[in-house]
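Mapping the sequence shown onto the UniProt record's numbering, position 149 (from 1) lands on 149, and the numbers just tick up by one.
A short worksheet on the structure shown next.
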Amino acid sequence: MLEDLTISDIHSLGKSQALEILTQITRVEKKTFPASEAFPFGEELWRKKPNTRVIYVTRTSQGIQPLIAYALYVRQKGVAFLHKVCVAEPFRRKGVGVQLLKYLRTRLQKEGCQYVHLWVDKAREPARSLYMQSGFEEHEELLDYYSLGRTGIKMILDLQRVS
């Protein structure tokens, strides 16, 4: 488990710093997801959209602070839609995803959010396991959600039940 993590919101940064983080996120995104699923992490995400947030994780002890994980969510009233959670390859299975989701859960609870929804590829066992470990429950399956033959699973975290 990595101990020296800093979790931040790109909206707390100045434009040039935010664009550098978004560039790093884009690199990790392209390495991790198929082109059809890669999200465009551009400047518009840094602009003050009150219901869209990009959270990122760096190492506290590292001088350069390379990006090691990120998440993107959109809030609509009492529900947050988690669109992306990604941990860079060298940092997987070290507790980074667990810490990031715990941070998000606490933040969203403080903001008055009641539920977090997400879709995950049924074949992505490590991601599903992370979400289940973090309190999400599987609610629905949708055939061909991602593409032909790739089933999506809707998962929901009830923030009112989780401490």
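Note that CB positions come from ideal geometry on N, CA and C, so glycine has one too.
Keep in mind that this is a model prediction, so the values were computed, not measured.
* **Residues bridged to GLY152 [DSSP beta-bridge criterion]** => Taking the first residue of the sequence shown as position 1, residue 152 is located at position 152. The partner list for GLY152 (beta bridge, DSSP) reads ASP121, LEU142.
* To do: Identify every residue that forms a DSSP beta bridge with ARG81.
  => Walking along the sequence shown from the start, residue 81 turns up at place 81. Reading the sequence as shown, one finds Phe at residue 81 and not Arg. Bridge partners of PHE81: VAL74, HIS117.
* Tell me, please, whether the CB atom of PRO66 is closer than 7 Å to any CB atom in chain C? => Among the protein chains of the structure shown there is no chain C, as only one such chain exists.
* Residue environment, ALA71, which counts as buried when at least 16 other CB atoms sit within 10 Å -> Locating residue 71 in the sequence shown gives position 71, where the first residue counts as 1. Buried, because 16 or more other Cβ atoms sit within 10 Å of the Cβ of ALA71.
* Asked: Which first and last residues belong to the alpha helix (DSSP H) in which ILE10 is found?
  -> Residue 10 sits at position 10 when you count from the first residue of the sequence shown. Here ILE10 belongs to no alpha helix (DSSP H), and DSSP marks it neither H nor E.
* To do: Please classify LEU104: is it buried, with 16 or more other beta-carbons within 10 angstroms of its beta-carbon, or exposed?
  => Against the sequence shown, residue 104 aligns to sequence position 104. Buried is the call here.
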